[in-house]
Amino acid sequence: MISRSFNMASSSKKSASKADHSEVMQEKFVETKEFRMFCLAGLGQGMIYSVMSSYISDFYTNVMKLPLIFVLLLMLLARVWDAINDPLMGMIVDRHTTRWGKMKPYVVFMAVPIALLTFLMFYCPDLDKTGLMVYAGFVYVLWGMIYTAADVPFWSLPNVMTPNPNERGNLISVARTFNGVGSAVPMALYLVAGFALPALCGKMEASNNDIVKTFFNKFTEVDAATGALNYDKMKYVMIAVFAAVIGAILFVNSYPHVKERVVIPDKKHVKGEPSQLSRIFKCKPLMLVILMGVLSSGRYMLQAASVHVARYAVYIGGDLSVMNAAERSKAISGSVSTVSTILSVCSAVGMFGAMLFMPALIKKFNYKQIVVTTSLFGFGASILTSVIGYFVIAGKLSFFICIPLLIISAVPLGVLNVVSYAMVADSLDYMEWETGFRETGLGSACQGFVNKLGNAIATAGIIVMYLAIGLDPAQMLEKTAVVAATDLSMTMRYAMFSLISIVPGISLMLSIIPLKSYDLVGEKMEKITLELAEKREERGIHIG
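The opening position of the sequence shown corresponds to residue 52 in our numbering, with each subsequent residue numbered one higher.
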């Protein structure tokens, strides 16, 4: 009788405990202002990262005029270093807690160095070719290291801001949407600069102010062959400064508002137990998410290749054959700005549209279903874009027909930008549930590395395409007349156009393959969440 009573009491206690822990799935931990400030910080980070990811390849090849092979090797070698640097940063975050918090200090202390290095990355000093290569290589690698030191802790914050996976997923979704909005700011500035700088430069050239005159002479140059004014240096440095300053301010502003609630004690490595890296590699769901990210790297082409496609694939404007050198230069510059902006806007609309609907989609479908469905649609759109693009390049169809298809192609970009971070967080829940360890910083470092690797692969793909078709931007810029897309062969133009059509589509199809084995969805994820809450309580982990 006593035994029966004890069992009934024990059963009742377990049921009550389960009911208590089920509240984790409904309770809201993040305050409204805190939510907004974190999202605004994401917007600021998006501005800074977008300047690099969207324009660094064009700046190196068409402004600094660095050798294509050097740019290709720089991108690849920098990623080799990131493979060491990013996990190292993740382990540092996981092993140490400061009096200011575990994640937050890195975010605030790294903001100013990132802003300064962003400016230096788009500054072209008066050096010879060798000096420029050394300068570009040093600044690019250092920027990547400092960016990692802020990026890893920042996107780890949702893991410690709330233990509720639903709230965490929503926070990541909205923050990534703001991040996407931030990434569109440099694109908008590129369009404005393309049309505003010619008039502004004219006024600066006529100015009697010594400071204005010095600035003008430093960041503009006259083409010796054509006599046309080239203001690309000024355009890029102004965009970089604006994005860096505003982005850094928004980043720093999040510090006093964001709270780390899930306080997991630091654990020292015990001899004989698996290392942090070993636990990461043994976490199957996390490895599948990382593989998905690597295989989907081609999606970055929609942003990274936009300027290159605008320069060497598509021309919008009047008949260049009846224009003089100055008129021709102005028409080509206007076309490059217009086409580049159209491509960027298409990417932004598709990406933001997907992000805006993500909170609603997440409530009805699991992450796996969302990624597979949108990737299939994106692949279909890329096939149609490739077919129509052939006739556009041939001059038989208008480029504007491609716009709806390019928008659809960009939808998976927005989806993956959100879902991949949420899937990493779920995978870390799984790791903690299974092993008792949670490598939050290292897990986020893996995601950050995948993002940088994806952008590097996209940039490398552009350089490889240049080499494959025998197109050298430096030689194009040395010709006696400014080169337009229409001056190139049909094969060259279509090859460049394929960077934003078929290449992203193939990449999206490949990214679906790892998801066949991903199973952190539905009832299994709910079970992990509830049992993890119980285990945390037993271990005395504080949710503040």
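By construction, the Cβ of each residue, glycine as well, lies at the ideal position given by its N, Cα and C atoms.
If you're wondering where the values come from, they're calculated on a predicted model, not measured in any experiment.
Cβ-based burial, residue i [other Cβ within 10 Å; buried from 16]
i: V470; result: buried
i: K414; result: exposed
i: T83; result: exposed
i: L178; result: exposed
i: K333; result: exposed
i: E588; result: exposed
i: R590; result: exposed
i: A250; result: exposed
i: R150; result: exposed
i: E78; result: exposed
i: A519; result: exposed
i: T531; result: Reliability of the predicted coordinates at T531 is poor, the pLDDT of 44 falling under 50, and no value is obtained from them.
i: T392; result: buried
i: D283; result: buried
C-beta contact flag for residue i and residue j at 7 Å
i: P138; j: A535; result: no
i: F173; j: V303; result: no
i: R241; j: P204; result: For the record, residue 241 in the displayed sequence is Tyr; it is not Arg. No, the Cβ-Cβ distance between Y241 and P204 is not below 7 Å.
i: N506; j: S104; result: yes
i: T444; j: Y545; result: According to the sequence as given, residue 444 is Ile; it is not Thr. It is a contact, given that the beta carbons lie within the stated cut-off.
i: P565; j: M343; result: yes
i: R579; j: W484; result: According to the sequence provided, residue 579 is Ile. The question's Arg does not apply to it. The answer is yes: Cβ separation under 7 Å.
i: I609; j: A294; result: No information on residue 609 is available, as it lies outside the stretch 52 to 595 that the chain covers here.
i: M474; j: S224; result: no
i: I331; j: L456; result: no
i: F266; j: M184; result: no
i: M560; j: F430; result: yes
i: A187; j: M161; result: no
i: T213; j: F80; result: yes
i: L346; j: Y569; result: no
i: G93; j: N230; result: yes
i: A461; j: S398; result: yes
i: R145; j: K503; result: Note that residue 145 corresponds to Asp in the displayed sequence, not to Arg. No, Cβ-Cβ distance for D145 and K503 is not below 7 Å.
i: Y481; j: P325; result: no
i: A432; j: V390; result: no
i: S108; j: I513; result: yes
i: G401; j: G233; result: no
i: V309; j: E85; result: yes
i: A476; j: R219; result: yes
i: N210; j: T486; result: no
i: V501; j: I341; result: yes
i: Y306; j: V466; result: no
i: W194; j: L168; result: yes
i: F170; j: A291; result: yes
Residue range of the alpha helix (DSSP H) that includes residue i
i: G440; result: Y418 to I444
i: N506; result: T491 to I520
i: Y100; result: T83 to D109
i: S395; result: A376 to K415
i: S329; result: Q327 to K333
i: L448; result: Counting along the chain, L448 falls outside any alpha helix (DSSP H), and DSSP gives it neither H nor E.
i: I454; result: I454 to T486
i: W151; result: Looking at the DSSP string, W151 is not in any alpha helix (DSSP H), and its letter there is neither H nor E.
i: R544; result: M541 to F548
i: K79; result: Taken as a continuous stretch (DSSP letters only), K79 belongs to no alpha helix (DSSP H), as it is neither H nor E.
i: P216; result: P216 to A257
i: S558; result: I553 to I563
i: S207; result: K180 to M212
i: N304; result: D283 to N304
i: R350; result: First-last for R350: undefined, no H or E at that position.
i: A361; result: S357 to Y363
Coarse secondary structure for residue i, derived from DSSP in three states
i: E272; result: strand
i: V39; result: Any property of residue 39 remains undetermined from this structure, which presents the chain solely from 52 to 595.
i: G369; result: coil
i: V534; result: coil
i: G591; result: coil
i: V572; result: coil
i: R55; result: Below a pLDDT of 50, predicted positions are generally treated as unreliable, and R55, at 43, falls in that range; the measurement from the model is reported next regardless. R55: helix per DSSP, three-state reduction.
i: A60; result: Here the model assigns A60 a pLDDT of 43, short of 50, so the residue's position is not dependable, and the following value carries that caveat. Note: A60 maps to helix in three-state DSSP.
Margin query: Three Cβ pairs or more, each shorter than 8 Å: is that satisfied between the region 575 to 587 and the region 341 to 355?
Written below: no
Item checked: Segment contact, 8 Å Cβ cut-off, at least three pairs: the region 420 to 430 with the region 232 to 249 -> no
Item checked: Segment contact, 8 Å Cβ cut-off, at least three pairs: the region 123 to 132 with the region 504 to 519 -> yes
Note to self: Across the region 222 to 237 and the region 248 to 258, are there enough close Cβ pairs to call them in contact, namely three or more that are closer than 8 Å?
What the structure shows: Using a C-beta cut-off of 8 Å, the region 222 to 237 makes no contact with the region 248 to 258, since fewer than three inter-stretch Cβ pairs fall below that distance.
Notebook entry, point to check: Between the region 100 to 119 and the region 204 to 219, do at least 3 Cβ pairs fall closer than 8 Å?
Noted result: no
Note to self: Any contact between the region 386 to 394 and the region 362 to 374? By contact I mean 3 or more CB pairs, one from each, below 8 Å.
What the structure shows: Contact holds: three or more Cβ-Cβ distances are below 8 Å.
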